[in-house]
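Everything below concerns the one structure shown next.
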Amino acid sequence: MIKFTPTDKKDTRSGFGSGLHELGKQNPDVVALCADLTGSLKMDAFKKDFPDRFYQTGIAEANMMGIAAGLTIGGKIPFTGTFANFSTGRVYDQIRQSIAYSEKNVKICASHAGLTLGEDGATHQILEDIGMMKMLPGMTVIVPCDYQQTKQATIALGSHKGPAYLRFGRPVWPIFTEGRKFEIGKIDTMIEGSDVSIFACGHLVWLAIEAEAILAEKGIRAEIVNLHTIKPLDAQGVLNSVGKTGCVVTCEEHQINGGMGDSIAQLLSRELPTPLEMVAVNDTFGESGKPTDLLKKYGLSADAIVTAAEKAVKRKKGS
Amino acid sequence: MSQPDIAQLKKLCSQVRRDAVRMVYNCQSGHPGAALGCTEYMVALYFHILKHDPAFNMDGKGEDLFFLSNGHLSALWYSCLARAGYFEIKELSTFRNINSRLQGHPATHEHLPGVRVASGSLGQGLSVAIGAALSKKLNHDNRLVYVLMGDGEQQEGQIWEAAMFAAHHKVDNLVATIDYNGQQIDGPVDEVMSLKNLKAKWQAFGWEVLESDGNNLEEVIAVMDKAKSITGKGKPVLNLMRTVMGFGVDFMMGHHKWHGVAPNKEEFEKAMAQLPETIGDF
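For the record, the sequence lines run as chains F and Z. Under my numbering, think of the first position of the first sequence as 1, with each following residue one higher. Under my numbering, think of the first position of the second sequence as 1001, with each following residue one higher.
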């Protein structure tokens, strides 16, 4: 039986829009910038209620990142909004020099990340952004799992100091974190277990919860960990869970190279070598299609998580 | 506004040029050409035009702000910052060395007073300056934001994104200057990638454009005064400033070779002989 009952279904980008609007009310220093995707990023409410603090940059993302860096001088807290592809790969050098190296308090908010962008296809389905952003010194990287948590993460970033990347998406997705505490840099253990630690971020957290029910029927007790903050990594939280279970599955809507699983593998290889399986896109680009069909085709499903968990458990027993 | 002390500013120009060439010579790396070409502009800014506080605060509320987009002019900027009191003059001797705050290209990472954003990768400074100008507007701070760019840098696409934005959003508390020396690393700008009619381009983007001779100190001051007087009228302001790369050292003048090359001992001594020590070397 699935241990969480969704309270509703919404897109995570709406959680961002709602959180940003809330922040606008709370803090007059919060400003927002958007590169011609105000509706897609759900920034309309902020724009309507705080027009003097909203900047339309047109289709010019590099300039948007530079302006955001400049706005911090004088104490503003800028939130930039565009698709994840245009928030990272397109403007990597601007982020690197003007924001990360310059230690500017800019919040880079990125929607339509990963395969679940769907029909627009691989040109827009960035699967490398977590890697690019986590490599920048001082950059915080957060990938919330549902509407509610994206809203919480957005609000939390309002009082967080330093550059940050917030990654969310397009599809309507179950909401299942109502009432849960969100803290940047701390894992959230959704379901406790003893046989395998399943670390997931973003849309894959829900799929991991579905997988847990299937695994339970097979007699495998999985621990489901919502690893929303990829950087700084909650190393102690990860080690505590893995110390208990002895094997690991990582799940993310990202390339296998450079993503969240890569961070966990690196930590464990240094601190606690453990059998580990990765559910991620395996070094390929995506394509057009329905989000759920794409997730399935590229191996990001509850069934794929179950298979990986069984393999991890088997490897543990074999050692 | 107070009258400029032209004699004193000219002394500073000579000393700052000496500093810049010695800094590059000492570490045998850096960019002497454009530093020499923009000396009058930078000296005029820091010793006459800007309202600024060398105690340095990142937010700079109530101060005029300056951004250097073409970060390879770092030797010139550091000399002016040190001589304006942002840090000790003797620190100039650490330029480009390990464990120095005086990075090859300007950075905030080592907390060097006076620097508000890293620059070096070209095309980014105008955007940052626009952001800082918007921040001033939101804070009801009526001081101005200044930014210097290179002419080769005009080949970067981000410059034109920023130019479009500033005019569209009426960022009229901003004075940008282009160091129009006609040279870039691979040769004359006209041969590498012609800018064609740069003045007409900026005007077409909606900016108020002034032209000046950047190696004539009195003219630099006059054009910046003029620029200041036309701020607050709905348009961003651009100063298209003609300079000679390497100005003040005869064998460096007007040639792209001196964009990013350090002088040898003989060249250094020859340069020093042409740039009188007026205030005291570091």
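No residue lacks a Cβ here, since even glycine has one placed at the ideal position from N, Cα and C.
Could you give the residue range of the beta strand (DSSP E) that holds residue i?
i, result
"Gln56 (chain F)", "54 to 56"
"Ile1178 (chain Z)", "1174 to 1180"
"Tyr1146 (chain Z)", "1145 to 1150"
"Ser1212 (chain Z)", "1208 to 1213"
"Glu223 (chain F)", "222 to 226"
"Ile1159 (chain Z)", "No beta strand (DSSP E) holds Ile1159 (chain Z); the alpha helix (DSSP H) holding it covers 1157 to 1168."
"Asp277 (chain F)", "Before going further, note that residue 277 (chain F) is Glu rather than Asp in the sequence given. Run containing Glu277 (chain F): 276 to 281, per the beta strand (DSSP E) assignment."
"Val1171 (chain Z)", "Premise fails: Val1171 (chain Z) is in no beta strand (DSSP E) and is neither H nor E."
"Asp8 (chain F)", "8 to 11"
Please state whether DSSP places residue i in a helix, a strand or coil.
i, result
"Pro1188 (chain Z)", "strand"
"Leu1076 (chain Z)", "helix"
"Lys1137 (chain Z)", "helix"
"Leu1240 (chain Z)", "strand"
"Ile230 (chain F)", "strand"
"Leu1068 (chain Z)", "strand"
"Gln26 (chain F)", "helix"
"Ala32 (chain F)", "strand"
"Lys218 (chain F)", "coil"
"Gln1183 (chain Z)", "strand"
"Lys1196 (chain Z)", "coil"
"Pro1113 (chain Z)", "coil"
"Gln1003 (chain Z)", "coil"
"Ser18 (chain F)", "helix"
"His1255 (chain Z)", "coil"
"Lys42 (chain F)", "coil"
"Glu1153 (chain Z)", "helix"
"Gln1203 (chain Z)", "helix"
"Arg1101 (chain Z)", "coil"
"Lys1051 (chain Z)", "coil"
"Ala1118 (chain Z)", "coil"
"Lys1090 (chain Z)", "helix"
Counting along the chain, where does the alpha helix (DSSP H) carrying residue i start and finish?
i, result
"Cys251 (chain F)", "No alpha helix (DSSP H) contains Cys251 (chain F), which is instead part of the beta strand (DSSP E) from 248 to 255."
"Arg1017 (chain Z)", "1006 to 1027"
"Asp262 (chain F)", "260 to 271"
"Lys244 (chain F)", "235 to 245"
"Thr292 (chain F)", "291 to 297"
"Glu1219 (chain Z)", "1217 to 1229"
"Asp303 (chain F)", "302 to 318"
"Gln1274 (chain Z)", "1265 to 1274"
"Asp1059 (chain Z)", "Premise fails: Asp1059 (chain Z) is in no alpha helix (DSSP H) and is neither H nor E."
"Glu1040 (chain Z)", "1039 to 1044"
Rounding to the nearest angstrom, what Cα-Cα distance links residue i and residue j in this structure?
i, j, result
"Thr154 (chain F)", "Ser269 (chain F)", "32 Å"
"Val1223 (chain Z)", "Pro163 (chain F)", "38 Å"
"Asp29 (chain F)", "Asp52 (chain F)", "11 Å"
"Gly1123 (chain Z)", "Leu1198 (chain Z)", "16 Å"
"Gly19 (chain F)", "Leu71 (chain F)", "20 Å"
"Asn1142 (chain Z)", "Asp1064 (chain Z)", "9 Å"
"Gly1214 (chain Z)", "Val238 (chain F)", "60 Å"
"Ala304 (chain F)", "Phe285 (chain F)", "19 Å"
"Glu1091 (chain Z)", "Met1253 (chain Z)", "28 Å"
"Ala1107 (chain Z)", "Lys1136 (chain Z)", "22 Å"
"Leu1138 (chain Z)", "Gly75 (chain F)", "10 Å"
"Gln1184 (chain Z)", "Ala1176 (chain Z)", "20 Å"
"Gly1248 (chain Z)", "Cys1013 (chain Z)", "10 Å"
"Phe4 (chain F)", "Ala211 (chain F)", "12 Å"
"Cys321 (chain F)", "Val249 (chain F)", "Any property of residue 321 (chain F) remains undetermined from this structure, which presents chain F solely from 1 to 319."
"Phe1056 (chain Z)", "Ala1082 (chain Z)", "12 Å"
"Ile230 (chain F)", "Met260 (chain F)", "6 Å"
"Asp11 (chain F)", "Thr82 (chain F)", "15 Å"
Assuming residue i contacts residue j (C-beta within less than 8 Å), just tell me the rounded distance between them.
i, j, result
"Phe1268 (chain Z)", "Tyr1078 (chain Z)", "About 18 Å separates the two Cβ atoms, so there is no contact after all."
"Thr177 (chain F)", "Gln149 (chain F)", "5 Å"
"Phe168 (chain F)", "Ala113 (chain F)", "7 Å"
"Lys134 (chain F)", "Val141 (chain F)", "5 Å"
"Cys247 (chain F)", "Val196 (chain F)", "5 Å"
"Val1237 (chain Z)", "Leu1195 (chain Z)", "Val1237 (chain Z) to Leu1195 (chain Z), Cβ: 19 Å. No contact."
"Asn85 (chain F)", "His124 (chain F)", "5 Å"
"Ser102 (chain F)", "Ala1133 (chain Z)", "In fact, because the Cβ distance is near 17 Å, the residues do not count as touching under 8 Å."
"Phe16 (chain F)", "Cys109 (chain F)", "6 Å"
"Met1272 (chain Z)", "Ile1178 (chain Z)", "In fact, because the Cβ distance is near 30 Å, the residues do not count as touching under 8 Å."
"Val1021 (chain Z)", "Pro1276 (chain Z)", "13 Å between Cβ atoms; not a contact."
Note to self: At 4 residues or longer, what runs of the alpha helix (DSSP H) sit wholly inside the segment 62 to 119 of chain F?
What the structure shows: 84 to 87
Q: May I have a chain-ordered list of the beta strand (DSSP E) segments no shorter than 3 residues that lie completely inside the segment 125 to 213 of chain F?
A: 140 to 142, 164 to 167, 172 to 175, 188 to 191, 196 to 200
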